[in-house]
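In UniProt numbering, the protein residues as written are 1 to 104. We treat Cβ as the ideally placed atom computed from N, Cα and C, and that holds for glycine. See below for the structure under consideration.
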């Protein structure tokens, strides 16, 4: 009884193309909201500034105040190390300072 040779299938690159297309679609769906929000904010600010020039000054001051408030909040909430020493359990080189130097 002889074993028939394995049947080889032609390679199909469409699996890789489909996975790439799915990754691109997932990225587009994930990132579209924040990008539209940023671009929409820039567009609204530009429209208001084009219609009423003093609005640019008001928006610039509001943005500067927002940045200052955020920086202050982050500075007060920043992590700081504890003011005490941490025992790392590292080995000491040389004689143990707690033992006496008297031989037995």
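- The DSSP-derived three-state label of residue 53 is coil.
- Contact check for residue 49 and residue 56: beta-carbon distance about 4 angstroms, within the 8 angstroms limit, so the pair qualifies.
- Runs of the alpha helix (DSSP H) lying entirely within the stretch 13-68, each at least 4 residues long, are 14-51 in chain order.
- A direct Cα-to-Cα measurement between residue 21 and residue 35 gives close to 20 angstroms.
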